[in-house]
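Trainee: Protein chains in written order, with the numbering used here: chain A, 459 to 678; chain B, 459 to 678.
There's a structure below that I have some questions on.
2 protein chains.
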Amino acid sequence: MTKRAYSRLSQDRRRTDLIEATLSCVADLGLDKAGARQIAERAGVSAGLIRHYFSSKEDMVRSAYAYLMGQMTAAAEESGAGEALPPEVALAEVIAANFASPNLSGVKVSLWATFVGRVRVDPAYADIHREGYREFLDLLEARIHPVLVAHGRPADPTRCKSLAIALNGLIDGLWIEGSLGHGLYDARRLPGLALAAAEGILRLPDTTLTRHLAREDERS
Amino acid sequence: MTKRAYSRLSQDRRRTDLIEATLSCVADLGLDKAGARQIAERAGVSAGLIRHYFSSKEDMVRSAYAYLMGQMTAAAEESGAGEALPPEVALAEVIAANFASPNLSGVKVSLWATFVGRVRVDPAYADIHREGYREFLDLLEARIHPVLVAHGRPADPTRCKSLAIALNGLIDGLWIEGSLGHGLYDARRLPGLALAAAEGILRLPDTTLTRHLAREDERS
DNA sequence: TTCGCTGTTGTACGACTGTAAAACAAATCT
DNA sequence: AGATTTGTTTTACAGTCGTACAACAGCGAA
């Protein structure tokens, strides 16, 4: 039988094509039905090629998880990090970024949850998860500290860490339910809701963070 | 070939045996590797029996998800609902219950995440998830309201609903990371951390909720 | 142009999957 | 006790899975 025509792509391009096809398949079909043939087809490639770029299908899925987490933490770190903004604005932007595109996404939550479901079982997944969590915690802590000092509130490292953990919990939980889109409330309320709750957690005066909401809307 | 000896159990017992074996398998192996034969073996039963109790394996897995969510919301509703407690204590107990046994459990989070990963794809999972979420939201709202009025804070339904959403987010997020046990901090700090954050979110004076922590420790 | 390298395809294989249905055993009824 | 019902096991089947491997095709070097 004559073989199909094809073109050779750069190694990096093929790898990310395969990884993105993997994520797409896992999100749509679940980890179980995301078969090698299905993924290959979505990447416009034949199934055998997978083993030329990854030592196994499991290896590819793990790489896809790491790729996803890298994307998300990178997106979070960019939020409001460009210009030299007032500390309240920088913090508000990081928080609000989780409740707007592209982070507020049913696909992303589905992927995140699917992978988290394997953290307890597979040490490789646990490592990736822990790393992503730690990075976001550090980012939050770094943004919380200057806000606390600017408002004359206690800002020792222990307290900052605790507040970062609490804030991360709030963001994670709201992000999950908001992204799933169950229709119990309007997801557009989430940024304001999250910022108001964050003000309370940090014991800041009302509207310290929420008054920067308009800026968020403008740039969409 | 002569068949294996067996004993007949009540229908309900067999059903829950199969469901719990399903949950156990899904938690340990993931949705993909939790095969019918594996589940049947763990339930002390042969594989063919599954189709005598469920119309398909998918049906059994869905039932297992509903069973899990029912267990968890029931456990949450029982927390501090027995005697007539002061409203602050009742609220604190519901919150703290998520950060102690049996709810703070790596197995439970693994299962929860695995199923949530399918919510976007499978409408049946979405229904189960929405129902569980709505119930917990209602429970939180019911416990928040009397606390707010007792402290003379605005307690209209709209505000209570918003606060319940935020509080639920906080609890969910902290519960997930805490249960996964990544070793980044001591999970025993979580009850106090969550209660302090809840005080802030609800704009209550400090120690309104946290001073009831000792009671939690005593009864374990 | 021809050679050699390797990215890529197609196919074959064994293991495993969920399901159907027949054979049988335990409990219930008469 | 014998007959009947039905919960349970066993076996069989078609399909899919991940993987291995040989054959081929595209591309740069000689």
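All C-beta atoms in this analysis are idealised placements derived from N, C-alpha and C, irrespective of residue type, glycine included.
If you follow the alpha helix (DSSP H) that T480 (chain B) is part of, which residue opens it and which one closes it?
Mentor: 469 to 491
Trainee: Compute the Euclidean distance between the alpha carbons of M527 (chain B) and L467 (chain A), then round it to the nearest angstrom.
Mentor: 47 Å
Trainee: Would you say V577 (chain A) lies against chain B (beta-carbon separation less than 8 Å)?
Mentor: yes
Trainee: I'd like to know if L651 (chain B) contacts chain A, where contact means its C-beta is closer than 8 Å to some C-beta of that chain.
Mentor: At least one beta carbon of chain A lies nearer than 8 Å to the beta carbon of L651 (chain B).
Trainee: Answer with yes or no whether the minimum CB distance from D486 (chain B) to chain A is below 8 Å.
Mentor: yes
Trainee: Quick one, are the C-beta atoms of I659 (chain A) and I659 (chain B) less than 8 Å apart?
Mentor: yes
Trainee: I'd like to know if A532 (chain A) contacts chain B, where contact means its C-beta is closer than 8 Å to some C-beta of that chain.
Mentor: no
Trainee: How about T572 (chain A) and L489 (chain A): are their beta carbons less than 8 Å apart?
Mentor: yes
Trainee: Strictly under 8 Å for the Cβ-Cβ distance: is A571 (chain A) near chain B by that measure?
Mentor: Interface residue, yes.
Trainee: Can you confirm whether I477 (chain A), when its beta carbon is compared against all beta carbons of chain B, has any partner nearer than 8 Å?
Mentor: no
Trainee: Report all residues from its chain with a CB closer than 8 Å to the CB of P612 (chain A); omit the five preceding and five following residues, and keep chain order.
Mentor: For P612 (chain A), where only same-chain residues beyond five positions count, the Cβ hits under 8 Å are L606.
Trainee: Find out if the Cβ-Cβ distance for the pair A522 (chain B), L481 (chain B) is shorter than 8 Å.
Mentor: yes
Trainee: Shorter than 8 Å from the beta carbon of V552 (chain B) to some beta carbon of chain A?
Mentor: no
Trainee: Residues of chain A with a CB under 9 Å from the CB of E599 (chain B): which are they?
Mentor: Near E599 (chain B) there are no residues of chain A at all, since even the closest Cβ is about 12 Å away, more than 9 Å.
Trainee: Please list the terminal residues of the continuous alpha helix (DSSP H) segment that includes N626 (chain A).
Mentor: Residues 615 to 638.
Trainee: Taking only beta carbons into account, state which residues of the segment 621 to 636 of chain A come closer than 9 Å to chain B, listed in chain order.
Mentor: L621, I623, A624, L625, N626, G627, L628, I629, D630, G631, L632, W633, I634, E635, G636
Trainee: What three-state label does DSSP hand S678 (chain B) in the structure shown?
Mentor: Caution is warranted here: a pLDDT of 42 is assigned to S678 (chain B), below 50, making its placement in the model unreliable, and the coordinate value is therefore given only provisionally. Here S678 (chain B) sits in coil by DSSP.
Trainee: Rounded to the nearest angstrom, what separates E546 (chain B) and A654 (chain B) at their Cα positions?
Mentor: 13 Å
Trainee: Using only the alpha-carbon positions, how far apart do S504 (chain B) and E478 (chain A) sit?
Mentor: 39 Å
Trainee: Using 8 Å for Cβ pairs, my map puts W633 (chain A) next to F512 (chain A). What's the rounded Cβ distance?
Mentor: At roughly 30 Å, the Cβ-Cβ gap does not stay under 8 Å, so W633 (chain A) and F512 (chain A) are not in contact.
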